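Asker: I have a structure here, written as structure tokens, and I will follow up with some questions on it.
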Amino acid sequence: MGYLIERVSYLRGLADGMKLNKESDEVRLLEEIIELIDDVATSVEALEEQSDDLAERFDDLEEDFCDLEDYIFDEEDDDEECCCDEIECPNCGSILSIDEDLITDDDSITVQCPGCGEDVTIDFECDGDCCCCAGCDDEDEE
């Protein structure tokens, strides 16, 4: 039982204990006021329960949304990480991002460094575990 309903019960007990004339207009008015307060207290408690339920449901939805957001954005990050390699330019030390689309069946490629403008040749030594080729071990065995 909630605090408001307990207070209404206390008021009702006080009114009953006063041994008032039940037929007087003032006593009937007092009883109606106590009954009205009881209805209001019951409604307020019902609204508090609904509010608590809604808050809990909102928290659950927020948690589900955050999980979904993490799943979506983490997956995009994984795709971005797998699509390129970063290599340091031997001439100036700039970082070169090599997209997988640039990697061909050749063992090396030449790219221009954005830092110094020099051509950099990159040799690929694949052990078959890379994500850019599908089964380069099979080619070595033939």
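Residues in the sequence shown are numbered consecutively from 25, following my numbering.
The beta-carbon is built from N, C-alpha and C at its ideal position, and this holds for glycine as well.
Since we're looking at a predicted model, the values are computed, not measured.
Quick one: grab the DSSP three-state call for Asp-103.
Answerer: Within the sequence shown, the letter at position 79 stands for residue 103. In this prediction, Asp-103 has a pLDDT of 48, which is less than 50 and means its spatial position is unreliable; what the coordinates show is noted afterwards. It is helical.
Asker: My output table needs one value for Glu-166: the three-state DSSP class, helix, strand or coil.
Answerer: Sequence index remark: in the sequence shown, residue 166 carries index 142 (1-based). Note that Glu-166 scores a pLDDT of 43, beneath 50, so its modelled location is shaky; the value from the coordinates is reported in the next line. Here Glu-166 sits in coil by DSSP.
Asker: On the DSSP letters alone, give me the boundaries of the alpha helix (DSSP H) that Leu-44 sits inside.
Answerer: As a first step, residue 44 is located in the sequence shown; it is residue number 20 there, counting from the start. From DSSP, Leu-44 is part of no alpha helix (DSSP H); its letter is neither H nor E.
Asker: Can you give me the C-alpha to C-alpha distance between Pro-138 and Asp-98, rounded to a whole angstrom?
Answerer: Walking along the sequence shown from the start, residue 138 turns up at place 114. Walking along the sequence shown from the start, residue 98 turns up at place 74. When rounded, the distance between both Cα atoms is 29 angstroms.
Asker: Run through DSSP, which three-state label would Gln-121 get?
Answerer: Stepping through the sequence shown from its first residue, residue 121 is reached at position 97. One point to set straight first is that residue 121 is Ser, not Gln, in the sequence displayed. If DSSP states are grouped into helix, strand and coil, Ser-121 belongs with the strands.
Asker: Would you kindly work out how many angstroms separate the C-alpha atoms of Arg-31 and Ile-61, rounded to a whole number?
Answerer: For the purposes of this step, residue 31 is taken as the residue at position 7 of the sequence shown. For the purposes of this step, residue 61 is taken as the residue at position 37 of the sequence shown. In a straight line, the C-alpha of Arg-31 is about 10 angstroms away from that of Ile-61.
Asker: Go through its chain and collect everything with a Cβ distance to Gln-136's Cβ below 8 angstroms, but skip five positions before and after it.
Answerer: Residue numbering aside, residue 136 sits at position 112 when the sequence shown is read from its first letter. Taken in chain order, the residues that qualify are Glu-142, Asp-143 and Val-144.
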